[in-house]
Amino acid sequence: MGAENAFQLGLLQRQLSDKQFPVHHQTAAKYLPALMEKFRTSSGPLNGPMALINSISYTPYFIRFCRLDASKGLAVIQTKRVAAAIDEILTMTPNDAGSIGQFLATILLLQGTGDVDPKDSKILLPKLKLWQRRFSGRLAEDTAFRVEMLLMSRGKTPEMMLPVLAMLASKLDKCSHPSCDRKERVGGGELMRCAKCKSASYCGSEHQKKHWPQHKALCFAATF
Ligand SMILES: [Zn+2]
Ligand SMILES: [Zn+2]
Numbered sequence: 001m002g003a004e005n006a007f008q009l010g011l012l013q014r015q016l017s018d019k020q021f022p023v024h025h026q027t028a029a030k031y032l033p034a035l036m037e038k039f040r041t042s043s044g045p046l047n048g049p050m051a052l053i054n055s056i057s058y059t060p061y062f063i064r065f066c067r068l069d070a071s072k073g074l075a076v077i078q079t080k081r082v083a084a085a086i087d088e089i090l091t092m093t094p095n096d097a098g099s100i101g102q103f104l105a106t107i108l109l110l111q112g113t114g115d116v117d118p119k120d121s122k123i124l125l126p127k128l129k130l131w132q133r134r135f136s137g138r139l140a141e142d143t144a145f146r147v148e149m150l151l152m153s154r155g156k157t158p159e160m161m162l163p164v165l166a167m168l169a170s171k172l173d174k175c176s177h178p179s180c181d182r183k184e185r186v187g188g189g190e191l192m193r194c195a196k197c198k199s200a201s202y203c204g205s206e207h208q209k210k211h212w213p214q215h216k217a218l219c220f221a222a223t224f
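Here the UniProt record's numbering is used: position 149 in the sequence shown is 149, and no number is missing along the way.
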């Protein structure tokens, strides 16, 4: 891995390890299906539902939601909206362009690029170079770089992003107890999920009990 790639990855990991806000988890547990419907009927690359979904996209609720049929098309729709508005995005503030890039990079990573309209990739790829130059040294540059890597990989996860994807997936696919790396239940079989939030996984009831004092602040009844 080159120094530049290591830097990009480091930047993303810092973003992901930011403080967890319970209100983000609560919003995700309660409103993700409704937000997704609002998102579908909204327009443009930057709107209320998109900004709200982006702010909760680091939660395990969102990672799980992205695997459900209810979230189908999220990455495809947003890629189309970004491609249609790309010239406008290049005139936006670094913060707005950064939010658009961050959201698109996250959902393309989680949902894959396999269903993205090739016409949209063709519009975006040359413009993503301009995007990186325009917002050089900012988050907007880093996120545009990640979107470019994802779109160029044609359905496969770029190698440099595998650790990030693994880290996101581990929120669900690994025991949530911080000192446990098990990906299966003790004695075999799939990890058990917290029955209330369905967004924390455990190797058994012992680790679930031990983790509860930390988990309870982020555990909300999921509507999906
Ligand atoms: Zn465990
Ligand atoms: Zn829970």
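Just so you know, even glycine gets a beta-carbon here, dropped at the ideal spot from N, CA and C.
Model, not experiment: these values are computed from the prediction.
- Message: Less than 8 Å between the C-beta atoms of valine 82 and proline 45, yes or no?
- Response: yes
- Item | Any non-hydrogen atom of ligand 3 within 7 Å of cysteine 194 CB | As presented, the structure is devoid of ligand 3, carrying ligand 1 and ligand 2 as its sole ligands.
- Comparing the CB of tyrosine 202 with every heavy atom of ligand 1, is any distance shorter than 7 Å? yes
- Can you give the Cα-Cα distance for phenylalanine 135 and glycine 188, rounded to whole angstroms? 49 Å
- Exposed or buried, lysine 171, counting other C-beta atoms within 10 Å across all chains shown (16 or more means buried)? buried
- Message: Does the beta-carbon of arginine 182, which I'm using as the reference point, lie nearer than 7 Å to any heavy atom of ligand 1?
- Response: yes
- Sorted by chain position, which residues of the same chain lie with C-beta nearer than 6 Å to threonine 157's C-beta, five sequence neighbours on each side aside? Leu165
- Distance cut-off 7 Å: histidine 177 Cβ against heavy atoms of ligand 1: yes
- Please say whether proline 49 and alanine 217 have beta carbons closer to each other than 8 Å? no
- Item | methionine 149 - DSSP class collapsed to helix/strand/coil | helix
- Hey, out of Ile89, Thr113, Gly114, whose CA is closest to lysine 127's CA? Ile89
- Specify whether the region 138 to 148 and the region 171 to 180 touch according to this definition: at least 3 beta carbon pairs, one from each stretch, less than 8 Å apart. no
- Item | Residue nearest to proline 60 in terms of C-alpha spacing, selected from Thr27, Glu159, Met161, Ala51 | Thr27
- What first and last residue would you give for the alpha helix (DSSP H) that runs through valine 76? 74 to 84
- Query: With distances taken from CA atoms, which of Phe39, Arg67, Thr91 is nearest leucine 168?
  - Reply: Arg67
- Query: Straight-line CA distance for phenylalanine 7 to alanine 34?
  - Reply: A caution first: phenylalanine 7 carries a pLDDT of 48, below 50, which makes its placement in the model unreliable, though a value can still be read off. C-alpha separation (whole angstroms): 36 Å.
- Would you kindly work out how many angstroms separate the C-alpha atoms of glutamate 159 and lysine 210, rounded to a whole number? 35 Å
- Message: Considering only DSSP beta bridges, list what serine 170 is partnered with.
- Response: Serine 170 pairs with nothing; no bridge assigned.
- Rounded C-beta distance between arginine 64 and lysine 183? I'm assuming under 8 Å. Not really, about 16 Å apart at Cβ, beyond 8 Å.
- Query: For arginine 182, which beta-bridge partners are listed by DSSP?
  - Reply: Answer is none; arginine 182 lacks a bridge partner.
- Query: With 16 as the cutoff for other CB atoms within 10 Å, does serine 205 come out buried or exposed?
  - Reply: exposed
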